[in-house]
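Visitor:
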Amino acid sequence: MSAAQLIGDWHALVVLFVAGVIPNQIWRMLGLWFGGGIDEGSELLVWVRAVATAILAGVIAQIVVEPPGALASVPDGLRYGAVGAGLVVFLLTRRSIFAGVVAGEVFMLAGKWWLG
Amino acid sequence: MALPPLDSPQWQSPWHAFVWGVRSITQTILTLVLFATYLGIGALAHDSHFSLVWALCSTLFVWAGPAQIILITTLGSGATVIQSAIAVTVSAIRLFPMVVSVLPLMRTPTTKRRELFFAAHLTAVTLWVECHRFLPQVPRERRIAFVNGLGFGLVSVCLTANTIGYFLAANLTQTLGAAILLLTPLSFLFSTARNSREIADVVALALGVLLYPLAAKMNSGLDILVSGLAAGTIAYGVHWWREVRS
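Going down the list, the protein sequences come from chains A and B. Residue numbers 96 to 211, in this note's numbering, belong to the letters of the first sequence in order. Residue numbers 249 to 494, in this note's numbering, belong to the letters of the second sequence in order.
1) Which residue marks the beginning of the alpha helix (DSSP H) containing A/Q157, and which one marks its end?
2) Taking only runs of the alpha helix (DSSP H) that begin and end inside the stretch 356–406 of chain B, which ones reach a length of at least 4 residues, in chain order?
3) Could you please give the first and the last residue of the uninterrupted alpha helix (DSSP H) stretch that includes B/R271?
4) To the nearest whole angstrom, what separates the beta carbons of B/G313 and B/F436, a pair I think is in contact under 8 Å?
5) Kindly list, in the order they appear in chain A, the residues whose Cβ is closer than 7 Å to that of B/V373.
6) What is the DSSP secondary structure of B/H341, counted as helix, strand or coil?
7) Assign A/P170 to one of three DSSP states: helix, strand, or coil.
8) Counting only C-beta atoms, is B/S494 closer than 9 Å to chain E at any point?
9) Would you say A/D171 faces chain B, with C-beta separation under 9 Å as the test?
10) For B/I273 and B/R391, what's the separation of their Cα atoms in angstroms?
11) Run through DSSP, which three-state label would B/W311 get?
12) Check whether the Cβ of B/T440 lies closer than 9 Å to any Cβ atom in chain A.
13) Leaving aside the five residues before and after B/A368 along the sequence, list all residues of the same chain whose C-beta is less than 8 Å from its C-beta, in chain order.
14) Alpha helix (DSSP H) containing B/P433: first to last residue?
15) What does the alpha-carbon distance come out to for the pair B/P253 and B/F365?
16) Just checking, does the stretch 474–490 of chain B make contact with the stretch 453–460 of chain B on the three C-beta pairs under 8 Å criterion?
17) Are the beta-carbon atoms of A/V196 and A/G179 separated by less than 9 Å?
18) List, in chain order, every chain B residue whose beta-carbon is nearer than 8 Å to that of A/W209.
19) What residues from chain A crowd round B/H369, counting only those whose CB sits closer than 8 Å?
20) What is the C-beta distance between A/E200 and B/L430, in whole angstroms, given that I count them as a contact (C-beta under 8 Å)?
21) Just tell me which of B/L280, B/A265 and B/T322 has its CA closest to the CA of A/A114.
22) Given this structure, state the Cα-to-Cα distance separating A/L127 from B/L375, to the nearest angstrom.
23) Where does the unbroken alpha helix (DSSP H) through A/D104 begin, and where does it stop?
24) Give the single residue among B/Q385, B/T408, B/N467 and B/W488 whose Cα lies nearest to the Cα of B/W259.
25) For A/G211, is the classification buried or exposed, using 16 other Cβ atoms within 10 angstroms of its Cβ as the cut-off for buried?
26) Going by other Cβ atoms of all chains shown within 10 Å of its Cβ, with 16 needed for buried, is B/E378 buried or exposed?
27) Rounded to whole angstroms, what's the CA-CA distance from B/T337 to A/R144? Just pull it up for me.
28) Whole angstroms is fine: what's the gap from B/P433's alpha carbon to B/W302's?
29) In chain A, what lies closer than 7 Å to B/C379 by C-beta?
30) Determine the chain A residues that contact B/G399 at a beta-carbon separation under 7 Å, and present them in chain order.
31) Are the stretch 187–196 of chain A and the stretch 149–168 of chain A in contact at 8 Å, needing three or more beta carbon pairs?
32) Name the chain A residues that come within less than 8 Å of B/A417, Cβ to Cβ?
33) Below 8 Å CB to CB, which residues in the same chain sit around B/A441 once its five sequence neighbours on both sides are set aside?
34) Beta carbon of A/G172, beta carbon of A/F202: below 9 Å?
35) Let's see if you can read the secondary structure: which residues bound the alpha helix (DSSP H) around B/H297?
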């Protein structure tokens, strides 16, 4: 891989700052500036947190439903099955993130191997 | 490894406190979860056609896993800069209450705002959780140095994981590449589920996953925002209805 490939184009880095760094960082800086005086349990923040969680949930679904790159080589049913199996193990192990991730991965790899 | 007692001479220099912060990353399972997550983000960046430097800059300057995968996934699937920026900023709002609640733990009467800049930048869910766990064991006047060290350690782990994930995605067989990409949804789904204590969080997570495929059928380019706003607002409605009834 060449140096040019590793760096990529400058346009993409500008997009990173405009679409990623600034919209994200603004909230931390507001927190630094206006620290104090906001109630963590306020109704507005409950709604904001729910929307933020649901957006993240949508992204998780997007990666599984419309997978990028190599993940697209895994059949639909196997991807959904892997997430389902991981979820079952996660719940059975009293919410162990590690056990859930390992179970999902093993399910996917075993399925791939079995399907040939 | 246990931290030295509060009155130990080990805490006399800020530099020592920084090193204790860096070493504390070995004391938490969340470091392993972060490693797996950022391995996945590195692979995701590769397969969505971003450069390695781009992926590392996103970790260094964004430093929020959810925002990074939202950014990579939306830009990678053809969203405009504005659409991505909106999705990222909504996901980042939660950082505001986190920063507001974590900074008082390290502030002293003489602390200047600029001394807290790096601590504010490093604040994300992992650091927020660990601050509540570690800081009571750290003398107040050394807490900023300790948190800077802890954050520095976690960022280093994640940059390493990004690089490994990026090259693995470029060189592995298709099946193993897929396994690394699958780390991202799995680790985010379970770590978010683990942090969901209130009914609103659980409903938002479950409905957010289920509504996305429906929203995607509308093909508006704003799918994530549409399903997120709808699922989040319904979840808030459930929370509100329970409050009113009780």
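No residue lacks a Cβ here, since even glycine has one placed at the ideal position from N, Cα and C.
Guide: Looking at the atomic coordinates:
1) Position 62 of the first sequence holds residue 157 of chain A. Per DSSP, A/Q157 belongs to the alpha helix (DSSP H) from E138 to V160.
2) DSSP runs (the alpha helix (DSSP H)) wholly in the stretch 356–406 of chain B: 365–370 and 373–382.
3) Numbered from its first residue, the second sequence carries residue 271 of chain B at position 23. Where B/R271 is concerned, the enclosing alpha helix (DSSP H) stretches over P262 to R271.
4) One-based indexing of the second sequence puts residue 313 of chain B at position 65. One-based indexing of the second sequence puts residue 436 of chain B at position 188. B/G313 to B/F436, Cβ: 7 Å. Contact.
5) Counted from its first residue, the second sequence places residue 373 of chain B at position 125. In chain order: nothing, as chain A lies at least about 11 Å away.
6) Taking the second sequence and counting its residues from 1, the one referred to as residue 341 of chain B is at position 93. One point to set straight first is that residue 341 of chain B is Ile, not His, in the sequence displayed. Coil at B/I341, not helix or strand.
7) The residue labelled residue 170 of chain A in the question sits at position 75 within the first sequence. Annotated three-state conformation of A/P170 is coil, per DSSP.
8) Judged by its chain identifiers, the structure shown contains no chain E, and its protein chains are A and B.
9) On the first sequence, position 76 is the one that residue 171 of chain A refers to. Chain B places no beta carbon closer than 9 Å to that of A/D171, leaving this residue out of the contacts.
10) Counting from 1 along the second sequence, the entry for residue 273 of chain B is found at position 25. Counting from 1 along the second sequence, the entry for residue 391 of chain B is found at position 143. Straight-line spacing of the CA atoms in B/I273 and B/R391 works out to 15 Å.
11) On the second sequence, residue 311 of chain B is found 63 positions in, with the first residue counted as 1. Collapsing the DSSP output to three states places B/W311 in coil.
12) One-based indexing of the second sequence puts residue 440 of chain B at position 192. Judged by the 9 Å Cβ criterion, B/T440 is in contact with chain A.
13) Along the second sequence, read from residue 1 onward, the residue named residue 368 of chain B stands at position 120. In the same chain as B/A368, and ignoring 5 residues on each side of it, the C-beta atoms closer than 8 Å to its own belong to V347 and L351, in chain order.
14) By 1-based counting over the second sequence, the position of residue 433 of chain B is 185. Counted as a single uninterrupted DSSP element, the alpha helix (DSSP H) harbouring B/P433 occupies residues Q422 to N443.
15) Start at 1 with the first residue of the second sequence, and residue 253 of chain B comes out as number 5. Start at 1 with the first residue of the second sequence, and residue 365 of chain B comes out as number 117. B/P253 and B/F365: Cα-Cα distance of roughly 27 Å.
16) They touch, by the three-pair rule.
17) For the purposes of this step, residue 196 of chain A is identified with residue 101 of the first sequence, where counting begins at 1. For the purposes of this step, residue 179 of chain A is identified with residue 84 of the first sequence, where counting begins at 1. In this structure, A/V196 sits away from A/G179, with a CB-CB distance that is not shorter than 9 Å.
18) In the first sequence, counting from the first residue as 1, residue 209 of chain A sits at position 114. Correct list: empty, because the minimum Cβ distance to chain B is about 12 Å.
19) Counting from 1 along the second sequence, the entry for residue 369 of chain B is found at position 121. From the beta-carbon of B/H369, the residues of chain A found nearer than 8 Å are Q120 and R123.
20) Against the first sequence, residue 200 of chain A aligns to sequence position 105. Against the second sequence, residue 430 of chain B aligns to sequence position 182. With a Cβ gap of about 6 Å, A/E200 and B/L430 count as contacting.
21) Mapped onto the first sequence, residue 114 of chain A falls at position 19. Closest by alpha carbon: B/T322.
22) Residue mapping note: residue 127 of chain A aligns to position 32 of the first sequence, counting from 1. Residue mapping note: residue 375 of chain B aligns to position 127 of the second sequence, counting from 1. Taking the straight line from one Cα to the other gives about 16 Å.
23) Looking up residue 104 of chain A in the first sequence gives position 9. Counting along the chain, A/D104 falls outside any alpha helix (DSSP H), and DSSP gives it neither H nor E.
24) Start at 1 with the first residue of the second sequence, and residue 259 of chain B comes out as number 11. Measuring from the Cα of B/W259, the nearest candidate turns out to be B/Q385.
25) The sequence position of residue 211 of chain A within the first sequence is 116, counting from 1. Flag for A/G211 reads exposed.
26) Walking along the second sequence from the start, residue 378 of chain B turns up at place 130. By the 10 Å Cβ count, B/E378 comes out buried.
27) Start at 1 with the first residue of the second sequence, and residue 337 of chain B comes out as number 89. Start at 1 with the first residue of the first sequence, and residue 144 of chain A comes out as number 49. Roughly 12 Å between the two C-alpha positions.
28) For the purposes of this step, residue 433 of chain B is taken as the residue at position 185 of the second sequence. For the purposes of this step, residue 302 of chain B is taken as the residue at position 54 of the second sequence. CA-CA distance, B/P433 to B/W302, rounds to 21 Å.
29) Position 131 of the second sequence, counted from the start, is the residue given in the question as residue 379 of chain B. When 7 Å is used as the limit between beta carbons, B/C379 is near no residue of chain A, the shortest such separation being about 14 Å.
30) For this step, residue 399 of chain B is matched to residue 151 along the second sequence. Residues of chain A with a Cβ closer than 7 Å to the Cβ of B/G399 do not exist; the shortest Cβ-Cβ separation is about 12 Å.
31) Contact between the stretch 187–196 of chain A and the stretch 149–168 of chain A is absent, because fewer than three Cβ pairs lie under 8 Å.
32) Working through the second sequence from its first residue, we reach residue 417 of chain B at position 169. Counting only Cβ-Cβ distances below 8 Å, B/A417 has contacts in chain A at G164 and A165, in chain order.
33) The residue given as residue 441 of chain B occupies position 193 in the second sequence. So the list reads V450 and L453, once near-sequence residues are dropped.
34) By 1-based counting over the first sequence, the position of residue 172 of chain A is 77. By 1-based counting over the first sequence, the position of residue 202 of chain A is 107. It is not a contact, given that the beta carbons lie outside the stated cut-off.
35) The count along the second sequence starts at 1 and reaches residue 297 of chain B at position 49. Run containing B/H297: none; DSSP gives neither H nor E here.
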